[in-house]
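Enquirer: A single structure is presented below for examination.
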Amino acid sequence: MTTHRPVTLITGASGGIGSALARALAPTHDLILGGRGGAALERLCAELGAQPLPLDLTRPETFEGALAGLGRVTNLVHNAGVVDLGAVAGQGHVVWTHTLAVNTVAPAELTRVLLPQVRAEQGVVVFVNSGAGLRANAGWGSYAASKFALRALADALREEEAPHGVRVTSVYPGRTATPMQEKVRTQEGAPYTPEAFIQPETVAATIAFALNAPRDATLPDLSVRPGPQAARPHEAGA
Numbered sequence: 001m002t003t004h005r006p007v008t009l010i011t012g013a014s015g016g017i018g019s020a021l022a023r024a025l026a027p028t029h030d031l032i033l034g035g036r037g038g039a040a041l042e043r044l045c046a047e048l049g050a051q052p053l054p055l056d057l058t059r060p061e062t063f064e065g066a067l068a069g070l071g072r073v074t075n076l077v078h079n080a081g082v083v084d085l086g087a088v089a090g091q092g093h094v095v096w097t098h099t100l101a102v103n104t105v106a107p108a109e110l111t112r113v114l115l116p117q118v119r120a121e122q123g124v125v126v127f128v129n130s131g132a133g134l135r136a137n138a139g140w141g142s143y144a145a146s147k148f149a150l151r152a153l154a155d156a157l158r159e160e161e162a163p164h165g166v167r168v169t170s171v172y173p174g175r176t177a178t179p180m181q182e183k184v185r186t187q188e189g190a191p192y193t194p195e196a197f198i199q200p201e202t203v204a205a206t207i208a209f210a211l212n213a214p215r216d217a218t219l220p221d222l223s224v225r226p227g228p229q230a231a232r233p234h235e236a237g238a
């Protein structure tokens, strides 16, 4: 196991939870921040002294080329995701294919490609799941299916990689005050009130705890729910 600073790769790094996690880890981790590219990712990398990693999560066949020569990777945090609400009767295969590609297939392929580095460091793989990965409500079929599948991926990986010293954690946040949640509330035709939701820094602190936990502990599943002070809307996921 390495004695250097851990190198942590975060997907969806410029989003609400991703950027909060990057800032939380920056003092003690070297960071590789994955995203679609653009000004937001560039600014975050410049702020934190992180390495940018442009990735198109809809094209997992490009990952091996994009990751060639990357070097050390201790931890891998799968944080990127997409959501499009709609009834099963109203969502065609294009929505399902896109949602499953980004939320499930991309994490599986990215994990496969990076496992040699993570094994060498006896690192941690974190899957940022959702409350929708534990319960599927009406209108959430495609997203929940992708998150149920992500849970299965994490559970299988945990058993497979235990002999290699790799720990695997699934984190299930409730509704979190992020741009993604704002989009969800718009799709639901409801107001977006950030104070009613978990703050992204709280979810980031939970993920950081899983990454930094002493090696005599394994944290398979962590659920994060709004505290009693929050005036919660109906909690379906995201």
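Numbering-wise, the UniProt record's numbering puts 210 at position 210 of the sequence shown, and it's gapless, one number per residue. Every residue gets a Cβ at the ideal spot worked out from N, C-alpha and C, and that includes glycine. Predicted, not measured: the structure shown is a model, and the values here were computed from it.
If you count every other CB in all the chains shown that lies within 10 Å of the CB of Glu161, and 16 or more means buried, which is it?
Expert: buried
Enquirer: Please go through the same chain and pick out, in chain order, the residues whose beta-carbon is closer than 7 Å to the beta-carbon of Gln187, but skip the five residues on each side of it.
Expert: So the list reads Leu85, once near-sequence residues are dropped.
Enquirer: Three-state secondary structure (DSSP) at Leu53?
Expert: Here Leu53 carries a strand assignment [DSSP, helix/strand/coil].
Enquirer: Excluding the five sequence neighbours on either side, which residues of its own chain have a C-beta within less than 6 Å of the C-beta of Leu114, listed in chain order?
Expert: Val73 and Leu76
Enquirer: What span of residues does the beta strand (DSSP E) with Phe127 cover, start to end?
Expert: Segment Val124 to Val128, the beta strand (DSSP E) holding Phe127.
Enquirer: If we require 4 or more residues per run, which alpha helix (DSSP H) segments fall completely within the region 38–126?
Expert: 39–48, 63–67, 93–100 and 106–121
Enquirer: Buried or exposed: where does His93 fall if 16 or more other Cβ atoms within 10 Å of its Cβ makes it buried?
Expert: His93 is exposed by the Cβ-count criterion.
Enquirer: What did DSSP end up calling Leu31 once you bin it into helix, strand or coil?
Expert: In the three-state DSSP reduction, Leu31 falls in the strand class (E or B).
Enquirer: When the Cβ atoms of the region 99–109 are set against those of the region 167–177, are three or more pairs found closer than 8 Å?
Expert: no
Enquirer: Please state whether DSSP places Ser14 in a helix, a strand or coil.
Expert: coil
Enquirer: Since Ala136 contacts Ala149 with CB under 8 Å, what's their CB separation in whole angstroms?
Expert: Not really, about 12 Å apart at Cβ, beyond 8 Å.
Enquirer: How would you call Ser14, buried or exposed, if buried means at least 16 neighbouring beta carbons within 10 angstroms?
Expert: So Ser14 ends up on the buried side.
Enquirer: Quick one: is residue 239 buried, meaning 16 or more other Cβ sit within 10 Å of its Cβ, or exposed?
Expert: The requested residue 239 is not part of the displayed model; the chain covers only 1 to 238.
Enquirer: Between Leu222 and Ser130, what straight-line distance do the alpha-carbon atoms span, to the nearest angstrom?
Expert: Here the alpha carbon of Leu222 sits roughly 10 Å from the alpha carbon of Ser130.
Enquirer: Leaving out five residues on either side along the sequence, give the residues of the same chain with a beta carbon under 8 Å from the beta carbon of Phe205.
Expert: Note that residue 205 is Ala in the sequence shown here, rather than Phe. Taken in chain order, the residues that qualify are Ala24.
Enquirer: Give the secondary structure of Tyr172 by DSSP, where H, G and I count as helix, E and B as strand, and everything else as coil.
Expert: strand
Enquirer: Should Asp216 go down as buried or exposed, given a rule of 16 or more other Cβ atoms within 10 Å for buried?
Expert: exposed
Enquirer: At the level of alpha carbons, what is the spacing between Leu219 and Gly227?
Expert: A direct Cα-Cα distance of roughly 21 Å separates Leu219 from Gly227.
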